[in-house]
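Chains as they are written, first to last, in full-length UniProt numbering: chain Z, 1 to 675; chain U, 1 to 675.
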């Protein structure tokens, strides 16, 4: 079976390898950029075809039916489109009680797993962000998608989506010739690598029109994905809703460093909402306009990215999909993170440590490890400032979805904010031993400079003080040679003569050195992880496909325990109350289902929303001491125990201190006739 | 002492009482609105003077120094102005590690206290809100402040703030006559009740100008406090950032009711951010532009607002400040909530239940009950739709601050959204017994109507089906009398004759009735509560005013336990690690302070940020079995215990299952020389 699949994949793997080799060769040969770009687009297209075939040939998850899951999530209000009674808004979702609790439990676990265990510094910054901050970070200029407009109605479409839909429509049209269809298939494969000009060419070539009116389309124009607003009443203080939480951490770097008593490395973390004004969001929770992120910014000395705790994860195995592998047309492979770092597949220990910890978190909250991989960005898809980047990708019915980005952002962000504000965002490091450095200090005659340049004198002085060593030495020489120099200050030239300026050479002893820390950033999209967990938890009872249920890890299950009275008998009420109190005193969330309907039907209702444990209060419960049955939803097996044992037992089961098998050994088995 | 104070207050109380009586009399006499309004402004002014005097005469909190607290909060990064390196933005604050943890702990406690214990349905809705939703809720038209602009520069000022500052400046000017000063003092007292015309009159009378330029000012104009944005690329889908989370719950009412299996009463809750574009925010966390709210919407049958759990809180004592009391110039009084509801001081049991639960929550997270009161809105300050409203007010150095609003919003919101969407937002209730109702059903001859009115026929039919009983009976009579009627559909008249329409009288038996639920809303401003807790927790050590500290309830303390090694000796490292692991396995957040500095100095550093417990690893720790000392920050007393007892002991202390006194009985006392 596996051999057969590999046979089918072999030719596709070869295509990828060949185009990968080509890209490499062109780069080595310093070929023109346009040639390299073309080869990269080709490589991506082949990779995409290989991946689609791999997914198509892989053994299917036992008849997963997205329609059924979507129906369940809507019907039991995990989440649903926002403002439905007003017609709804695409890309905005409201979480109901179930989705909310699942999300809160996942975030709580994240806080424990990362912030508490790693001693991270949490911050909570505003979503409203002034324009200059996002100008410095690059978002104002570069955070955009290509969009085309209907020339008559002004209707907007995301250019790549429009091309994809139009091409697919033509492909299913019998009147289109086989030759054109081949071109269309190539177009679809190449589309991901297209820029605005490529897309415009495709639109012209295939004569694509507005799908709603058939009108002509504009050329692709850049549409910035940030939501604009203004702060204050005058309307001239421009701001945006943050597209990521990271910038809030960077602008607080000095405060955080001080809080950490000046020491590096340290990590800061933030949990909060990000906003992206997607042109035409689809795919449910995968692409939305308002979403919760959890981001970590780990600040580290760029020359020493070792990690004290790396030894603890060294032997942790991961499925890695390196750039090398991708270029070679191979599949992802298993390797311990220790080996991956040793072999320089993963750039450094700190990044490796986080990759392992991210994997542990995802599995803990319910991602199937068989459908989880870490894919390295290839050189050409990495942000220009990134050193290395590994995305945690989860396989869902939408394909492999990027859920956690793990990027080494180098010193880019701190340096950008320094450039914009002139506030030094640096850390200090004790030198192993004091160091002597040469200094070339300017000694300006401020009296004379003041007389000559009046109000500009201060600026000139400031510029002189800030001169780098090399520049100062250069100017010193020039001054000696010509008797004057021309200093450029804010773009204006100022002539300084030997009577205005001298330089002094000296040697200074320094004990510390300053550096701009590198940043390693794991960035989690909580909605995407949540959706993946929902897909991976969705099951159908063997032999009864109508009975679907959600097998969440108890840790994240929205409700931990149901309470089902077997009848409406008033005598059961005090027992129900006692169970409820016992559970709540152990902080176990529970839900009483005393609706009509058989007990079996009610079990199915509670299984459907992923309640892992259930208490049944039956007619035997009344005998003193009161007892109830405890049901394990996954196995549908039950035990009988006393009411006051319910709280500690369910708490131990939820926290993973007790397995169900151990519970079955501890308490007598109970056979239910309901299932 | 108390008598002396009362003597001083007596004349002020009398003024309030007299003006309260006047308002009441004018209302009884149905006096013109303008007269009543004037009397109300007068009443408020007297109330304000009384309250200021009360606060001035009350025994002072032991030399509270806001400057010192602010310095601590900034220096240890509880919170600070956002985007400071870019110059900062007023009204936006970032929370650092300490503020973040304090806030997260308060919110966790809120979730337990309300959502978990009361079985509320939590939702998590988007901040982005389309304009029609906020049009229906009234925010687009009415959520505004009065603003004046500098006629030349366009600089904006909140009108009431400008008047207050300008008046205060004139009051301190020696050149201003005593007669004018009297008028200014009256102006200040009256200002709270002013509308735009009153403010314009004051600006003209006293010739107030722009404080920055001395230029003239525009008339007060309404400035809407919502942040505007657009969703999607076309720019024509207007939206706002939500000013409150409540509307997200209302638009999800149908889904929530269904989730609750159709049953009323039930409560929904939401924790999330709200946004208000304040014109010129001041007062730190008290008035900000982006803030976290916790809101509950409890849906209840408007004819039965009794509460099953009310008996549990009936004897809970509260400090109430009723409208009656306020009008009478009296102070707040102590009363059990049971008595307050029995006497109809608080409108109903459900509202009363929440008031008591809100009080419990506030005290649990660290609000001083002596500085907490519930103040009832007077008729004229209540939103036009509210039935009864009690604000939890906390006394801080800024005066009494509204921190939790508890309002009976009646059916207003659901009805507004129904009007806007035509989606029925109602619940059903079983009638105690089936009821016979008279029905007057229209029997249209659709063939003839269709022939006559073509495309309007369907609209006409829909209008006929929706006729209320009374209207149908009226039309039936008219039809009988004149042989025809004129039906108005969407504003257009349609004549219907006896051959087009008949009516049929019948009697139907119904088993359920529909109703629009009333809403009781406790709405929490987390930032304000947090600031109040910070003020109420701020202490100075007796005899050493430089040593300030924060005495948080351990439950909400940002960090629960510090770990202080007495020296840098490497042999202590494994003990420190063991302590840390033991604490973390009990989910107790801790912070190691191994900085240089004496142990006493480090105690002071940890006390300052409100860490309630501290572990010291000293030279005796190394003896097997390893022991450490545990210090109680509040009392500065210490005990000695084994390392593996540390986790369970601190957890029990934090969760309130063990008092410090009990810990002192259990473990041997340790005398530290450091303090």
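Here a beta-carbon is modelled for each residue, glycine too, at the ideal position from N, C-alpha and C.
- The beta carbon of residue 20 of chain U lies closer than 8 angstroms to those of 43, 326, 327, 328, 329 in the same chain, with the five residues before and after it left out.
- One thing to note: residue 551 of chain U has its Cβ no nearer than 8 angstroms to the Cβ of residue 532 of chain U.
- In the DSSP annotation of this structure, the continuous segment of the beta strand (DSSP E) that includes residue 629 of chain U starts and ends at 627 to 632.
- In this structure, residue 86 of chain Z places its C-beta atom within 8 angstroms of the C-beta atom of residue 132 of chain U.
- One Cα belongs to residue 389 of chain Z, the other to residue 413 of chain Z, and the distance between them is close to 16 angstroms.
- The three-state reading of DSSP puts residue 511 of chain U in strand, counting E and B together.
- Rounded to the nearest whole angstrom, the C-alpha separation of residue 436 of chain U and residue 507 of chain U is 6 angstroms.
- Chain order gives the chain Z residues near residue 94 of chain U as 123, 124, 125, 126, 248, 251, 252, 255, where near means a beta carbon separation below 9 angstroms.
- With its beta carbon at least 8 angstroms from every one in chain Z, residue 511 of chain U lies outside the interface.
- In the DSSP annotation of this structure, the continuous segment of the beta strand (DSSP E) that includes residue 333 of chain Z starts and ends at 333 to 336.
- DSSP, reduced to helix, strand and coil, places residue 662 of chain Z within a helical segment of the structure shown.
- Rounded to whole angstroms, the separation of the alpha carbons of residue 165 of chain Z and residue 180 of chain Z is 16 angstroms.
- Within the same chain, and ignoring the five residues on either side of residue 372 of chain U in sequence, the residues whose Cβ sits closer than 8 angstroms to its Cβ are 319, 359, 362, 363, 392, 393, 394, 395.
- Boundaries for residue 100 of chain Z: no beta strand (DSSP E) harbours it, while the alpha helix (DSSP H) harbouring it runs 97 to 110, taken from the DSSP string.
- According to the DSSP secondary-structure assignment, residue 260 of chain Z is paired through a beta bridge with no residue.
- Assigned with DSSP and collapsed to three states, residue 378 of chain U falls in coil, not helix or strand.
- The beta carbon of residue 637 of chain Z lies closer than 6 angstroms to none in the same chain, with the five residues before and after it left out.
- Below the 8 angstroms Cβ cutoff, chain U contributes no neighbours of residue 415 of chain Z, its closest Cβ being approximately 13 angstroms away.
- Per DSSP, the continuous beta strand (DSSP E) segment holding residue 406 of chain U begins and ends at 399 to 410.
- The beta carbon of residue 589 of chain U falls within 8 angstroms of a beta carbon belonging to chain Z, placing the residue at that interface.
- The Cβ-Cβ distance between residue 248 of chain U and residue 125 of chain U falls below 8 angstroms.
- Rounded to whole angstroms, the gap between the alpha carbons of residue 580 of chain U and residue 634 of chain U is 22 angstroms.
- Per the DSSP secondary-structure output, residue 273 of chain U pairs in a beta bridge with U/292.
- In the structure shown, residue 175 of chain Z falls within a coil segment according to DSSP collapsed to helix, strand and coil.
- Around residue 293 of chain U, no beta-carbon contact reaches into chain Z at under 8 angstroms, the shortest distance being about 14 angstroms.
- Identification of chain U residues near residue 80 of chain Z by a Cβ-Cβ cut-off of 7 angstroms yields 255, ordered along the chain.
- Separation of residue 656 of chain U and residue 129 of chain Z (C-alpha to C-alpha, rounded to the nearest whole angstrom) is 40 angstroms.
- Assigned with DSSP and collapsed to three states, residue 532 of chain Z falls in helix.
- Secondary structure at residue 373 of chain Z: strand, using DSSP grouped into helix, strand and coil.
- Apart from sequence neighbours up to five positions away, the residues of its chain that approach residue 331 of chain U with a beta-carbon distance below 8 angstroms are 54, 321, 325, ordered along the chain.
- Distance check between residue 182 of chain U and each of U/193, U/69, U/37, U/167 places U/167 closest, using alpha-carbon atoms only.
- For residue 261 of chain Z, the nearest beta carbon of chain U is closer than 8 angstroms to its own beta carbon.
- Not a single CB atom of chain Z sits nearer than 8 angstroms to the CB of residue 297 of chain U.
- Against chain U, the CB of residue 112 of chain Z has a partner CB under 8 angstroms away; the residue lies at that interface.
- Using a CB distance below 7 angstroms, the part of the segment 63 to 89 of chain Z facing chain U consists of 77, 80, 82, 83, 85, 86, 89, ordered along the chain.
- Residue environment analysis places residue 619 of chain U among the exposed positions, since fewer than 16 neighbouring C-beta atoms fall within 10 angstroms of its C-beta.
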